[in-house]
Amino acid sequence: MIPKTRTLNLYLFLVATSMILVALYMQHQMDLNPCYLCIVQRVFVILTGLIALLAFAHNPHAKGQKRYAAATSLSALAGGGFSFRQLWLQNLPEEKVPACGPPADYLFDALPISEALPMLLSGDGNCAEVQWTFLSLSIPAWTLLAFAAMALLGGYQLLRKS
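Under the working numbering, residues 146 to 307 are what the sequence shown spells out, in order.
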């Protein structure tokens with residue numbers, strides 16, 4: 146039996162919440178510092194989760210459900226794009242990896258947002274470092290899989306008959 150749309154939105158929210166909790170655990174307990182692209186991916190995990198939570202709480206009729214589903218899918222696809230970018234950086238030959246930049250908090254303290262944001266969105270040499278793997282997949286690979294699952298669930302809700 147396929148869960149109702151409202152239940153799927155709750156699942157999406159719980160997945161996003163779990164992802165952020167794991168990211169915070171890895172950062173604070175395992176001392177894995179997030180790079181620029183990791184931070185951007187977290188923003189899209191949170192955004193996707195918040196859209197799903199709003200859809201769950203609002204529980205709109207068919208048209209509203211489709212709008213929430215489209216927003217969920219777009220947010221997850223955008224986050225997946227940043228995961229893919231980080232995987233690409235991680236697989237570059239060492240001589241092609243971009244130089245490492247300053248910490249993200251310094252970027253926003255020292256530079257205007259118009260200069261800091263493009264640096265954050267494109268990543269740097271720190272994003273190419275593989276800090277942790279599980280089953281031979283790095284963190285952005287797992288994140289990409291989660292974004293793909295969230296986008297597919299959103300897409301399913303979008304195409305599903307009301």
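Virtual Cβ for every residue (Gly too), placed ideally from N, Cα, C.
These numbers were taken from a predicted model, which means no experiment stands behind them.
Cα-Cα separation between residue i and residue j, rounded to whole angstroms
{"i": "I196", "j": "Y213", "result": "7 Å"}
{"i": "A200", "j": "T288", "result": "22 Å"}
{"i": "F189", "j": "L262", "result": "15 Å"}
{"i": "L198", "j": "C245", "result": "36 Å"}
{"i": "L237", "j": "D269", "result": "12 Å"}
{"i": "L256", "j": "Q235", "result": "26 Å"}
{"i": "V160", "j": "T193", "result": "10 Å"}
{"i": "P148", "j": "Y156", "result": "10 Å"}
{"i": "Q174", "j": "T278", "result": "16 Å"}
{"i": "Q302", "j": "G226", "result": "21 Å"}
Buried versus exposed, by CB contacts within 10 Å (16 or more), residue i
{"i": "Q186", "result": "buried"}
{"i": "Y181", "result": "buried"}
{"i": "P113", "result": "One cannot answer for residue 113 here, as it falls past the ends of the chain, which runs 146 to 307."}
{"i": "M164", "result": "buried"}
{"i": "L265", "result": "buried"}
{"i": "S283", "result": "buried"}
{"i": "T150", "result": "buried"}
{"i": "S158", "result": "A quick correction: the sequence has Phe, not Ser, at residue 158. So F158 counts as buried."}
{"i": "A202", "result": "exposed"}
{"i": "A207", "result": "exposed"}
Residue i (DSSP reduced to helix, strand or coil)
{"i": "A283", "result": "Inspection of the sequence shows that residue 283 is occupied by Ser rather than by Ala. Note: S283 maps to strand in three-state DSSP."}
Bounding residues of the alpha helix (DSSP H) (the contiguous stretch that carries residue i)
{"i": "L199", "result": "181 to 203"}
{"i": "D254", "result": "249 to 255"}
{"i": "P263", "result": "258 to 267"}
{"i": "I97", "result": "The structure shown does not extend to residue 97, since the chain is modelled only from 146 through 307, so no value can be given for it."}
{"i": "R212", "result": "207 to 235"}
> Taking one C-beta from the segment 222 to 240 and one from the segment 269 to 281 each time, how about it: are there three or more such pairs within less than 8 Å?
Replying inline: yes
>> With three or more C-beta pairs closer than 8 Å as the rule, is the segment 216 to 225 touching the segment 288 to 303?
In response: yes
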